[in-house]
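To keep things clear, I will list the structure first and then write my remarks on it.
There are 2 protein chains.
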Amino acid sequence: MKDYSLLGYALLGLIYQQPLSGYDVKKIFALTPMTGFSDSPGAIYPALRKLEQLGFVRSEVQQLAGLRRRRAFEITSKGVASLKAWQNKPIAEEDMVRDMAELLLRFAFMDETLGEERSLAFLQEFAGKLSAYIPTLRRYLDAHASVMSMSGRLALESGIQEYEARLAWAKNSIARYRRRKKE
Amino acid sequence: MKDYSLLGYALLGLIYQQPLSGYDVKKIFALTPMTGFSDSPGAIYPALRKLEQLGFVRSEVQQLAGLRRRRAFEITSKGVASLKAWQNKPIAEEDMVRDMAELLLRFAFMDETLGEERSLAFLQEFAGKLSAYIPTLRRYLDAHASVMSMSGRLALESGIQEYEARLAWAKNSIARYRRRKKE
DNA sequence: TTGCGCATGTAACCAGTTACATGATTTC
DNA sequence: GAAATCATGTAACTGGTTACATGCGCAA
Numbered sequence: 591m592k593d594y595s596l597l598g599y600a601l602l603g604l605i606y607q608q609p610l611s612g613y614d615v616k617k618i619f620a621l622t623p624m625t626g627f628s629d630s631p632g633a634i635y636p637a638l639r640k641l642e643q644l645g646f647v648r649s650e651v652q653q654l655a656g657l658r659r660r661r662a663f664e665i666t667s668k669g670v671a672s673l674k675a676w677q678n679k680p681i682a683e684e685d686m687v688r689d690m691a692e693l694l695l696r697f698a699f700m701d702e703t704l705g706e707e708r709s710l711a712f713l714q715e716f717a718g719k720l721s722a723y724i725p726t727l728r729r730y731l732d733a734h735a736s737v738m739s740m741s742g743r744l745a746l747e748s749g750i751q752e753y754e755a756r757l758a759w760a761k762n763s764i765a766r767y768r769r770r771k772k773e
Numbered sequence: 591m592k593d594y595s596l597l598g599y600a601l602l603g604l605i606y607q608q609p610l611s612g613y614d615v616k617k618i619f620a621l622t623p624m625t626g627f628s629d630s631p632g633a634i635y636p637a638l639r640k641l642e643q644l645g646f647v648r649s650e651v652q653q654l655a656g657l658r659r660r661r662a663f664e665i666t667s668k669g670v671a672s673l674k675a676w677q678n679k680p681i682a683e684e685d686m687v688r689d690m691a692e693l694l695l696r697f698a699f700m701d702e703t704l705g706e707e708r709s710l711a712f713l714q715e716f717a718g719k720l721s722a723y724i725p726t727l728r729r730y731l732d733a734h735a736s737v738m739s740m741s742g743r744l745a746l747e748s749g750i751q752e753y754e755a756r757l758a759w760a761k762n763s764i765a766r767y768r769r770r771k772k773e
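Set out below in structure tokens:
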């Protein structure tokens, strides 16, 4: 139930959707926009083992006719509970600063695990935190712009605009969930 | 000259601007938007040591009247060369996928180290790579949207919009450098 | 005189990287 | 029968995390 690595939760989220082998995961990380995660076996196989030791997944070696043997992992009820708990955590300011990717990952599987109602609530919380955080960055920039180089100012500006883009995205996404609810 | 950790280059960039102690660095990481870097001593002091072993910085213990002793680090010519080489590397597609933060960090100190002309060229390269990369993500989304949950689609959409925001930023920044050149 | 901020460090642990290693099956 | 792909693993290393540990100087 404790904090676990981002990779661990990504695996849990994927395996929640359907049982997967290490190689399946490798392909997903290599070929879909879930890049950012390494597709190296040295990352994936030990992480799956770890999840198994924790009792979050169980595995079974399959020897299907004509196919190579593969070890398929499926999520356990304990794993589901851990995944949901992680997704349900309140959003900390820290997460926004250090780990935007984690927040997006928490959200990515949320419809499936917690339902659309909860996804909407998550977005509202997210938008609220962003609205509070962005002005602190703007204030910093305004106060220090005069002593920064142009590239330094622009780099900071880029960071701020990233947050603004996320906020716009969140608002738009909220609207989409609301529209869907009405239908 | 080899690849070194992001933290290492961040330290090099900061120390390039002015000599710093470990505690100075800690404050910067804690109090400025250079968050994302841990301000824990267990991260900072060993990293500074490592840079010193590599010959990229040198340090000196200062005992100023009335003040606690502090070890101040300053960059060496070898450190400057390493910093510039890192900033000058061509932008790889991989960097865009895995390490946007690294690209922004390379740019953040660029005016000071390489000059505005080079900063402009970097932005042009960056914008070019983004323009090529974004459509591949869009195509993936279009092809797979029908089998994804709403939260899944939106999470991917969020990633794409982040890249679009960076591209808009880069174009706008290019215009700013150009305007400045004319003046 | 207590406690806070300055200031520097070490040690145990852990996750991920790179590289190595193996072997079956399918395709050309 | 060679090469590509499927498929799973291990081992050495490294960088960062958390937690611990120390001690000075200043202000209340």
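Protein sequence lines, in the order shown, are assigned to chains A and B. Residue numbers for the first sequence follow the numbering used here, so the first one is 591 and each next one is one higher. Residue numbers for the second sequence follow the numbering used here, so the first one is 591 and each next one is one higher. For every residue, glycine included, the Cβ atom is placed at its ideal position computed from N, Cα and C.
(1) With 8 Å as the limit, tell me which residues of the region 693 to 710 of chain A have their beta carbon closer than that to any beta carbon of chain B; keep them in chain order.
(2) Give the DSSP-derived three-state secondary structure of residue 681 of chain A in the structure shown.
(3) Please classify residue 712 of chain B: does DSSP put it in a helix, a strand, or coil?
(4) By Cβ distance, which residues of its chain are closer than 8 Å to residue 746 of chain B, with the 5 residues on each side in sequence left out?
(5) Should residue 658 of chain B be labelled buried (16 or more other beta-carbon atoms within 10 Å of its own) or exposed?
(6) With a cut-off of 8 Å, does the C-beta of residue 714 of chain B fall near any C-beta of chain A?
(7) Which stretch, first to last residue, makes up the beta strand (DSSP E) that contains residue 646 of chain A?
(8) Exposed or buried, what is residue 696 of chain A when buried is set at 16 or more other beta-carbons lying within 10 Å of its beta-carbon?
(9) How long is the line joining the alpha carbons of residue 724 of chain B and residue 649 of chain B, rounded to whole angstroms?
(10) Going by beta-carbon coordinates alone, are residue 681 of chain A and residue 719 of chain A separated by less than 8 Å?
(11) Rounded to the nearest angstrom, what separates residue 811 of chain A and residue 707 of chain A at their Cα positions?
(12) Give the range of the alpha helix (DSSP H) segment to which residue 702 of chain B is assigned.
(13) From the beta carbon of residue 591 of chain B, is the nearest beta carbon of chain A less than 8 Å away?
(14) Please state whether the Cβ-Cβ distance between residue 767 of chain B and residue 721 of chain B is less than 8 Å.
(15) How about residue 631 of chain B: is its C-beta nearer than 8 Å to some C-beta of chain A?
(16) Helix or strand or just coil, what does DSSP make of residue 672 of chain B?
(17) Can at least three beta-carbon pairs, one atom from the region 601 to 611 of chain B and one from the region 660 to 674 of chain B, be found at a separation below 8 Å?
(18) Residue 595 of chain B: which of B/611, B/617, B/630, B/676 sits nearest, CA to CA?
(19) With a threshold of 7 Å on Cβ separation, who are the neighbours of residue 751 of chain A within its own chain once the five nearest residues in sequence on each side are excluded?
(20) Which value, in whole angstroms, describes the spacing of the CA atoms of residue 741 of chain A and residue 701 of chain B?
(21) Please report the distance separating the alpha-carbon of residue 691 of chain A from that of residue 712 of chain B.
(22) To the nearest angstrom, report how far apart residue 733 of chain B and residue 770 of chain A are at their CA atoms.
(23) In chain A, which residues lie with their C-beta within 7 Å of the C-beta of residue 615 of chain B?
(24) Reducing DSSP to helix, strand and coil, say where residue 660 of chain A ends up.
(25) Within a Cβ cutoff of 8 Å, which residues of the same chain sit near residue 591 of chain A, ignoring the five residues on either side of it in sequence?
(26) Go ahead and label residue 616 of chain A buried or exposed: buried means 16 or more other beta carbons lie within 10 angstroms of its beta carbon, across all protein chains shown.
(27) Using a beta-carbon distance cut-off of less than 9 Å, what residues from the region 739 to 755 of chain B approach chain A?
(28) Flag this pair as yes or no: are the beta carbons of residue 688 of chain B and residue 625 of chain A separated by less than 8 Å?
(29) So, residue 717 of chain B versus residue 760 of chain B, is the Cβ gap smaller than 8 Å?
Answer, in terms of the structure:
(1) 694, 695, 697, 698, 699, 700, 701, 702, 706, 709
(2) coil
(3) Secondary structure at residue 712 of chain B: helix, using DSSP grouped into helix, strand and coil.
(4) 727, 730, 731, 738
(5) Taking a 10 Å sphere around the C-beta of residue 658 of chain B, we find fewer than 16 other C-beta atoms and assign the residue as exposed.
(6) Not closer than 8 Å to any Cβ of chain A, the Cβ of residue 714 of chain B fails to qualify, so no.
(7) Bounds of any beta strand (DSSP E) do not take in residue 646 of chain A, whose DSSP letter is neither H nor E.
(8) Residue 696 of chain A is buried by the Cβ-count criterion.
(9) 44 Å
(10) yes
(11) As shown, chain A starts at 591 and ends at 773. That puts residue 811 of chain A outside it, with no answer to give.
(12) 700 to 704
(13) Note that residue 591 of chain B has pLDDT 39, beneath the 50 cutoff, so the model's placement of it is unreliable and the number below is only indicative. So no, residue 591 of chain B is outside the interface.
(14) Annotated as distal: residue 767 of chain B and residue 721 of chain B, with beta-carbon spacing of 8 Å or more.
(15) no
(16) helix
(17) yes
(18) B/676
(19) none
(20) 6 Å
(21) 25 Å
(22) 22 Å
(23) Those within 7 Å of residue 615 of chain B in chain A number zero; the least Cβ separation is about 17 Å.
(24) strand
(25) Unreliable positioning characterises residue 591 of chain A in this predicted model, as indicated by a pLDDT of 39, which lies under 50. The coordinate reading is nonetheless provided below. Same-chain partners within the cutoff: 671, 672, 675.
(26) buried
(27) Cβ contacts with chain A come from 739, 740, 741, 742, 744, 745, 746, 747, 748, 749, 750, 751, 752, 754, 755.
(28) Their beta carbons are under 8 Å apart, which means residue 688 of chain B touches residue 625 of chain A by this criterion.
(29) yes
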